[in-house]
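K.L.:
The number in this note's numbering is simply the position in the sequence shown, starting from 1, with 754 added.
Beta carbons are placed, not taken as given, at the ideal position from N, Cα and C, and that holds for glycine.
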Amino acid sequence: MKQVKNLEEEYNKCIRTGTIQFSNKTDISLIKSLLKSSKEDIKIYNATLSVMEKNKGFSYLFTHRYDTLRKLMDAYLYFDNLKCGNHHCTNAYLCKKNPEFKIKWEIIESMRLLRNSINYQGEIIDENIWNNFKPKFIKYIKILKNKVKQELISK
Numbered sequence: 755m756k757q758v759k760n761l762e763e764e765y766n767k768c769i770r771t772g773t774i775q776f777s778n779k780t781d782i783s784l785i786k787s788l789l790k791s792s793k794e795d796i797k798i799y800n801a802t803l804s805v806m807e808k809n810k811g812f813s814y815l816f817t818h819r820y821d822t823l824r825k826l827m828d829a830y831l832y833f834d835n836l837k838c839g840n841h842h843c844t845n846a847y848l849c850k851k852n853p854e855f856k857i858k859w860e861i862i863e864s865m866r867l868l869r870n871s872i873n874y875q876g877e878i879i880d881e882n883i884w885n886n887f888k889p890k891f892i893k894y895i896k897i898l899k900n901k902v903k904q905e906l907i908s909k
């Protein structure tokens, strides 16, 4: 797997190359839709977790959790009217602009890189890797779900 690069340098590169851009409208209906979809994902995850772990479906669980996390990240960042060309720069923006969330750049980038290895290189992850990331997914998904809900209430 590739190494995680420096947050500050990567954020600046994303700005410099125009990968991070902004729209002039907050799409509340899209935010609500992403939140609803992520809640459905969480229900499915909770209903199937024990079966998937028993059958060693760790790569599936990992990509499923990552996709749920991405929906919530996108939903939250749409409040900033963020339009971003890739997950790498979205991660950089989230971590740089919201350090109070305590979502660690090194972890979220490792998640992205591993998910890409699973999807594009056919990497299969084992139980140890899954167990290492599982609590981090739970924590980050909870943080972002709550932040999206809070922002919606204030709108």
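What does DSSP give as the partner residues of residue 837 in its beta bridges?
P.N.:
On the sequence shown, position 83 is the one that residue 837 refers to. Its beta-bridge partners are 775.
K.L.:
Output needed for residue 791: all residues of its chain with C-beta closer than 8 Å, excluding positions within five of it in sequence on either side, in chain order.
P.N.:
Here residue 791 is taken as the residue at index 37 of the sequence shown, counted from 1. 825.
K.L.:
Among residues of its own chain, excluding the 5 on either side of residue 817, which ones have a beta-carbon nearer than 8 Å to its beta-carbon?
P.N.:
One-based indexing of the sequence shown puts residue 817 at position 63. The answer, listed in chain order, is 869, 872 and 873.
K.L.:
What are the boundary residues of the alpha helix (DSSP H) that residue 790 is part of?
P.N.:
On the sequence shown, residue 790 is found 36 positions in, with the first residue counted as 1. Residues 782 to 808.
K.L.:
Determine the DSSP secondary structure at residue 851, reduced to helix, strand or coil.
P.N.:
Within the sequence shown, residue 851 is the residue found at index 97, counting from 1. DSSP places residue 851 in helix when its eight states are reduced to three.
K.L.:
Pair every Cβ in the segment 778 to 796 with every Cβ in the segment 837 to 855, then say whether three or more of these pairs are closer than 8 Å.
P.N.:
The segment 778 to 796, when compared against the segment 837 to 855, does not touch it at the 8 Å Cβ threshold.
K.L.:
Classify residue 699 as buried or exposed, calling it buried when 16 or more other Cβ atoms lie within 10 Å of its own Cβ.
P.N.:
Outside the modelled stretch of the chain, which goes from 755 to 909, sits residue 699, for which no answer is possible.
K.L.:
Contact check, residue 784 vs residue 832 under 8 Å by CB: the rounded distance?
P.N.:
Mapped onto the sequence shown, residue 784 falls at position 30. Mapped onto the sequence shown, residue 832 falls at position 78. Yes, residue 784 and residue 832 are in contact; Cβ-Cβ is about 6 Å, under 8 Å.
K.L.:
Would you kindly check if the distance between the Cβ of residue 857 and the Cβ of residue 813 is under 8 Å?
P.N.:
Here residue 813 refers to the residue found at position 59 when the sequence shown is read from its first residue. Here residue 857 refers to the residue found at position 103 when the sequence shown is read from its first residue. Taking 8 Å as the Cβ cut-off, residue 813 and residue 857 do not qualify as a contacting pair.
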